[in-house]
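K.L.:
Residue numbers (my numbering): -1 to 453. Positions of the beta carbon are idealized from the N, C-alpha and C atoms, including for glycine.
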Ligand code: UDX
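1. By Cβ distance, which residues of its chain are closer than 8 Å to residue 16, with the 5 residues on each side in sequence left out?
2. Give a single yes or no on whether residue 252 has its beta carbon closer than 8 Å to a heavy atom of the ligand UDX.
3. Which residue's Cα is closest to the Cα of residue 12: 5, 61, 347 and 25?
4. So residue 27 is in the alpha helix (DSSP H); what residue range does that whole segment cover?
5. Under 8 Å: do the region 369 to 377 and the region 120 to 130 share three or more Cβ pairs, one atom per stretch?
6. Mind checking whether residue 114 and residue 85 have CB atoms under 9 Å apart?
7. Taking only three categories from DSSP, how would you classify residue 356?
8. Three-state secondary structure (DSSP) at residue 343?
9. Determine the burial state of residue 260: buried for a count of at least 16 other Cβ atoms within 10 Å of its Cβ, exposed for fewer.
10. Report the partner residues of residue 225 according to the DSSP bridge assignment.
11. Work out the CA separation of residue 393 and residue 83 for me, nearest whole Å.
12. Using only the heavy atoms of the ligand UDX, determine whether one of them is closer than 8 Å to the beta carbon of residue 329.
13. Assuming residue 288 contacts residue 403 under a Cβ cut-off of 8 Å, what Cβ separation, rounded to an integer in Å, is found between them?
14. Keeping to the same chain, check which residues put their C-beta closer than 7 Å to that of residue 440; ignore five residues upstream and five downstream.
15. I need the straight-line Cα distance from residue 379 to residue 98, nearest angstrom please.
16. Taking all protein chains shown into account, decide if residue 310 is buried (16 or more other Cβ within 10 angstroms of its Cβ) or exposed.
17. Spatial neighbours of residue 41 within its chain, please: CB distance less than 7 Å, with the 5 preceding and 5 following residues excluded, ordered by chain position.
18. Would you say residue 301 and residue 341 are within 9 Å of each other, going by their C-beta atoms?
19. Cβ of residue 17 versus every heavy atom of the ligand UDX: is any distance shorter than 8 Å?
20. Check whether the Cβ of residue 372 sits closer than 8 Å to any heavy atom of the ligand UDX, and report yes or no.
21. Using the beta-carbon count (16 or more within 10 Å), is residue 338 buried or exposed?
22. Considering only their Cβ atoms, is the gap separating residue 27 from residue 444 smaller than 9 Å?
23. With DSSP run on the structure shown, which of helix, strand or coil describes residue 391?
24. Is residue 276 near the ligand UDX, with its Cβ less than 8 Å from a heavy atom?
25. Nearest to residue 197 by CA position, among 224, 185, 186 and 211, is which residue?
26. Alpha carbon to alpha carbon, what distance is there between residue 214 and residue 135?
27. DSSP puts residue 58 in a beta bridge; with which residues?
28. Compare the Cα-Cα distances from residue 49 to each of 438, 292 and 251 and report the closest residue.
29. Let me check you understand the geometry: is the CB of residue 355 closer than 8 Å to at least one non-hydrogen atom of the ligand UDX?
30. List the endpoints of the continuous alpha helix (DSSP H) containing residue 305.
31. Is residue 89 near the ligand UDX - that is, is its Cβ less than 8 Å away from at least one heavy atom of it?
32. Return helix, strand or coil for residue 368, following the three-state DSSP convention.
33. Could you name each continuous alpha helix (DSSP H) segment of 4 residues or more that falls completely within the region 392 to 448, going from the start of the chain to the end?
34. Can you check which of these residues, 235, 200 and 211, is closest to residue 222 by C-alpha distance?
35. Which residue spans inside the region 113 to 148 form an unbroken beta strand (DSSP E) run of at least 3?
36. Quick one: Cα of residue 73 to Cα of residue 185, how far?
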C-alpha cells in the first residue's frame, strides 16, 4: 500500500458478466492504491444480485429496464438505444450528486461499448479513460474496420501490419467473416462504435498484458495512448500484496450449491475436463448433441457448466448416463475450478475473460469458439501462445463434430503435444503474474495512470 491520493474514480461497465468482472477487478486495484472508487451498475442488476461490501462502492444508473433488465427489451438495438438515452441522463445525475455531496468524481473509466458515457463526462468537465474488455489484437482489428482500411465480409487472409499475426477469414471476429444475418449488424455496430469519439478520451485501458501481445500493443501505441492493465483476476490468484476481500466477484448467475469442489477433490491430478461456454453463448441443438455424445464417450471425467436457462437443451438421459464420471452445474466459481489440481484442460468458448483466466492459472485449452472475438482468441491460443488446440468445423455445418472434439481433447490430455502445451501454459502463467506484481508492466501502467490523473 503506497501513497495516499486524493482521487475519486467512477467506473461504468457494460452490464454483462464478462464486462463487469474485469472492471470490478481493475477498480479493486485502484482501491489498493488508496483511490476512492465507485462502480455504477444498472438498477436491474443491482436488484437481482447481492454484492457483498468491499473496497469498491456500488452506485446505480438506469438502462431504462429497471424491472426486468435486458430480457424485457424489444430487441438488442432497442436496448442499446434506450440505454444510451436513459443511461446518459442518470449518469449525469450521478455525477452531479457526487459533486453536490462534495465528493466529486475526477475520472470516468467507461466501458468502450458505451461511447455516450464519454460525452456525458466531457459535458461534466471530467476526464475519461476508455476501458477495453477484449484483447489488444481484437481491438486493433475493429479499429481498422472502423477506419475503413479493412472491408467486411472478409474472404481473404489479413495482416494488419508487419510482425503482426496473419489471420485467415475464419480467425477474425465472427462478425467480420460470418454471412449469417440476425442480430450481427447491431453487435458489429456496438464493437465498431467504440472508436466513434475515442479521440476525446484521455487514455485507453486494455484488459491484457504487454508481454502477451507486444507487437499489437506497439502497433496501437503508434496512434493511441494505450495502457495494458491486465490480466484482471482477483488478487488472491495473482498478487499477494492486495488483500483478498469479499467483494471479489459479482455474480449475475446464482452459484450452484452442488459441492463441485469436493467432487473435484476426489479426482486424480489433471484428470478432469472443465467445460464452460461463459455467460452468454447458447449452443445450437446440433452442437449440443455432438458435445454430449463426446462427453458420454470420453474416458475422462468432466465438470460442465450448463446455465439454468440452457438446462432444457440437455438430452433426457444425459445426467444419469454420465453420472459415474461427470458433473453438471449451473454456475461455479470458475477461478476455484481452474486452480484445482484435478483439472487437466478447459474446453472453452474462448471468451476473453475465460482465456485470460486460463492463461493466468496455467490451464491448457481446447477451443470451441462460438462467435464475436472468440474465434480470434482461439487463433492466438493455438498458434501464437501455444497453450491449446482449436476444435475445427470441418464442413459447412457450423458444428464441431464429436470425432474432432474427442481428437482435440486427447491431444491436450495425453497426446504428443501435451508436454509442449503444458510448458507454454506454465511460461504464460509466470509472465501473467509478473505483469501484475510490483514493478510489472501492468502494475507500472496502473501507477502511471493514477499519477497522471493526480497531477
Ligand atoms: C462476453 C463475450 O462472450 C466474450 O467473447 C468477450 O470476450 C467478453 O464478453 P462471456 O461470454 O461471458 O463474455 O465469457 P467470458 O469473457 O469468458 O466471461 C465469463 C466470466 O464468467 C468469466 O470471468 C468466468 O470466470 C465467469 N464464470 C463463468 C463464472 O464465474 N462461473 C461460471 O460458471 C462460468
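P.N.:
This is what the structure gives:
1. 131, 276, 277, 278, 349, 350 and 351
2. no
3. 61
4. 15 to 30
5. no
6. yes
7. helix
8. strand
9. exposed
10. 203
11. 44 Å
12. yes
13. 7 Å
14. 207, 226, 227, 228, 433 and 434
15. 48 Å
16. exposed
17. 58, 60 and 64
18. yes
19. yes
20. yes
21. buried
22. yes
23. coil
24. yes
25. 224
26. 6 Å
27. 39
28. 251
29. yes
30. No alpha helix (DSSP H) holds residue 305; DSSP gives it neither H nor E.
31. no
32. coil
33. 400 to 411 and 416 to 434
34. 200
35. 125 to 130
36. 12 Å
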